[in-house]
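Before any comments, here is the structure.
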Amino acid sequence: MSTLPDSATAVPAAANAAGEPGRETLLSVRGLRVSAADGSELVHGVDFEIPRGSAVGLVGESGSGKTLTCRSVLGLLPVGVEVTGGEISLRGTELTALPAAEWVRLRGTDLAAVFQDPASYLNPSITVGAQLAEVLRVKTGLARRAARSRAVELLHAMGLHRPEHVYTQYPFELSGGMLQRVLIAVSIAAEPELLIADEATTALDVTVQAEVLELLAELRRDRGLTLIVVSHDLAVISQVCDTVHVFREGSIVEAGTTRQVLRAPRHPYTLELIENHERFGIDRVRKQRSQR
Amino acid sequence: MTTLNVRDGAGPVAGPATAAAGAWSGPVLTAIARTVVALGRALLIAVPVLLVSTFITFMLGGLTKQDPASLVLGDSGTPADVARMREVFGLDKPLLLRYLLWLWRALHGDLGSSWFTKIPVAQSIAQRLPVSLSVAVGALLIAVVLGGVFGILAAVRQGGWLDRTVTVITSVLGTVPGFITAIALITVFSLFVPVLPSGGWVPPSAGLLKWTSFLLLPTVSLSLDAAADVARQLRTGMAGTLHENYIVGAQVRGLPGWRIVLTHALRNGAGPAVAVLGMHVPRLIGGAVIVETVFALPGIGSLTKDAALGGDVPVVQGALLVTIGLVLISSVLVNVLLVKLRPAARREI
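Chains as they are written, first to last, in the numbering used here: chain A, 403 to 694; chain B, 21 to 369.
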């Protein structure tokens, strides 16, 4: 699964890095079970491995357990929901039994995430620049002034025009695409190895979505960032990821390279997902891929 | 063609320079502009309020059937003396003209003199203001610290025993009037455990420790229900913000819990508590009559009370002017603070 024969994906440069065989595992999830307070199990033993530098897609309809799986990896499950079995290990460190202080240290510097609806994940009363600089000061120990100039640099690197101006704006003054770029800047500010993009482009219009996905692919290529892309949209996954795991009702029903899964789905549910998507243009992507 | 060249040449030169200057000063200027707008808007409300409220108190003084001239002269005054006295006091003029005259003088710093004691009103106020202000500021500080700490703790420990305890205590304190608290405090700290004086006042020049000992009981009894209100509002406000997505966002960035609570949640949840605190300020300054009476404090409240009972209109007017002024200043400060706390909500104010 870790060796990828179809390196020539939609993002060729990213795929080059992914093509190297025998890469070490960054994150491994083994038999993960997540249950609600009332005892009902929501995730029934999920297994997957994320090689360093790869981009892995988790796809499935809402409620299929992909977000809870990611939240478990981040140690931020909703109140009343907890991990009831299995292991999550990051570079060999077991995360499921980690004390709270260790989680705080780990987040931002090793693990990071961006979510759907970027506006709600930024404090509405603090300028976006100050929120970015705060992470730089707290997580990387930069002084106030240095954090500010580094923040402007980061905003610029995320493809935001007039970064000095953006720095001083409040979240309500920016568009969804700009906010998602800001959030990506915030999440990678302390140089984490793993970025989870949980429906990060879902609320954006198609053009902006493509730009943000391109940015994620760029970060993977230039900074060696490992990506977990969570989406209900196979088109998003196929644009960025080299492997994909299909979730359904709390289990992984199919896993493989993106090309395998898209071209020759084995599970009827995957087939159904793909058929549902054909009307919305994924068809074209599949044709392109099969021609190669 | 030449103009085009000039423009092309000037463009890159002017570009970075203005960008560098505009980059940091522009946003700072807009931040200052926001504050100025908030301040201006608050003053725009404050000035009419000041005029209307002083006019109403003036009218009320004028409408009472009390005749200060004969009161001052007593039984021995002849009608001619009373008429002369009325002229001295300006009582022979129509009410509106008297108000305008008073306003004109007040604007020039002349609040007149007491009709009975002849002491200038400004002088009496200057004597008593420090007493009222130190009690009010002390009570505010206690309300902010106690209300802040317990409100935040209750919000963070939502549903826990601490939260429930704070809810019970604040409900009790919120319903007990200040003078009951005052009497209870005197009973405990001046009678059972006589460590603090039961009343009176010394200026800070008599020793800070002594000053504090006289100040402690009145400030505490004045502050408790404000503290309870602040704690309740803060708990409710923060409990809501702690469930917001941006709190999860801050956790994902790996910020420490205390920082998330104190900067991210507090900033958005403190609005109602600040507003409530602002509403308590009039009570702490002008409305402290009862507490001032219980503790025999020579403050603005007791000055107003004595003057009002005696019908000493200039003193009542002067004291009210000062009280209203302080209340307006505090409401301006509260409005500016609210805008600063939540810039996104500035359109709601």
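Each residue gets a CB set at the ideal place from its N, CA and C atoms; glycine is no exception.
Looking at the C-beta of residue i, does it have a partner C-beta in chain B at a distance below 8 Å?
| i | result |
| --- | --- |
| V506(A) | yes |
| R509(A) | yes |
| V588(A) | yes |
| V525(A) | Checking the displayed sequence, the identity of residue 525(A) turns out to be Asn instead of Val. Yes, N525(A) lies at the interface with chain B (some Cβ there is under 8 Å from its Cβ). |
| A514(A) | yes |
| A439(A) | no |
| S522(A) | yes |
| A721(A) | Examination of residue 721(A) is not possible in this model, given that chain A is present from 403 through 694 alone. |
| E451(A) | no |
| F574(A) | yes |
| N678(A) | no |
Would you say residue i and residue j are within 8 Å of each other, going by their C-beta atoms?
| i | j | result |
| --- | --- | --- |
| A521(A) | L538(A) | no |
| V506(A) | T471(A) | no |
| V568(A) | M580(A) | yes |
| A159(B) | L317(B) | no |
| V164(B) | V250(B) | yes |
| L254(B) | G194(B) | no |
| I206(B) | S218(B) | yes |
| S474(A) | E451(A) | no |
| P526(A) | N288(B) | yes |
| L615(A) | V642(A) | yes |
| R435(A) | T486(A) | yes |
| L236(B) | L216(B) | yes |
| V141(B) | S152(B) | no |
| V354(B) | A295(B) | yes |
| I162(B) | V240(B) | yes |
| T511(A) | K468(A) | no |
| L459(A) | V646(A) | Sequence inspection shows Gly at residue 459(A); the Leu mentioned does not correspond to that position. Result yes, Cβ atoms of G459(A) and V646(A) sit closer than 8 Å. |
| S322(B) | V309(B) | yes |
| G433(A) | E489(A) | yes |
Can you confirm whether residue i, when its beta carbon is compared against all beta carbons of chain A, has any partner nearer than 8 Å?
| i | result |
| --- | --- |
| A41(B) | Since pLDDT at A41(B) reaches only 42, below the 50 mark, its modelled position is unreliable, and no value is offered. |
| R177(B) | no |
| P363(B) | yes |
| G269(B) | yes |
| L275(B) | yes |
| H284(B) | yes |
| R148(B) | no |
| T55(B) | no |
| V192(B) | no |
| R287(B) | yes |
| R118(B) | no |
| R279(B) | yes |
| V272(B) | yes |
Determine which residues share a DSSP beta bridge with residue i and list them.
| i | result |
| --- | --- |
| E656(A) | V648(A) |
| P140(B) | S133(B) |
| G459(A) | V631(A) and V646(A) |
| I490(A) | V431(A) |
| I452(A) | L429(A) |
| H446(A) | R435(A) |
| A515(A) | I598(A) |
| T495(A) | L492(A) |
| R148(B) | Answer is none; R148(B) lacks a bridge partner. |
| V483(A) | A438(A) |
| R509(A) | L513(A) |
Going by alpha carbons, who is nearest to residue i out of the options?
| i | options | result |
| --- | --- | --- |
| H446(A) | G459(A), S430(A), L460(A) and S466(A) | S466(A) |
| L63(B) | L341(B), V356(B) and A285(B) | V356(B) |
| L557(A) | D519(A), T609(A) and Q582(A) | Q582(A) |
| E620(A) | E463(A), G455(A) and H634(A) | G455(A) |
| G168(B) | A293(B), A328(B), V347(B) and G227(B) | A293(B) |
| R623(A) | A457(A), Q533(A), S437(A) and G462(A) | A457(A) |
| I189(B) | V208(B), L149(B), L166(B) and V176(B) | L166(B) |
| L70(B) | G330(B), K325(B) and G338(B) | G338(B) |
Quick one: is the Cβ of residue i within less than 7 Å of any heavy atom of the ligand SAM?
| i | result |
| --- | --- |
| R473(A) | Within the structure as shown, the ligand SAM is missing, as the structure has no ligands at all. |
Say whether chain C places a C-beta atom closer than 8 Å to the C-beta of residue i.
| i | result |
| --- | --- |
| L64(B) | Here the protein chains are A and B, and chain C is not one of them. |
What are the residues in the stretch 535-550 of chain A lying within 9 Å of chain B by C-beta distance? E536, V537, V540 and K541
Chain B contacts made by the stretch 606-621 of chain A, where a contact means CB separation under 7 Å: none
Could you run through the stretch 454-488 of chain A and flag, in chain order, every residue whose CB is less than 8 Å away from some CB of chain B? L476 and L478
If you measure beta-carbon to beta-carbon, which residues of the stretch 247-269 of chain B are closer than 8 Å to chain A? E264, N265, Y266, V268 and G269
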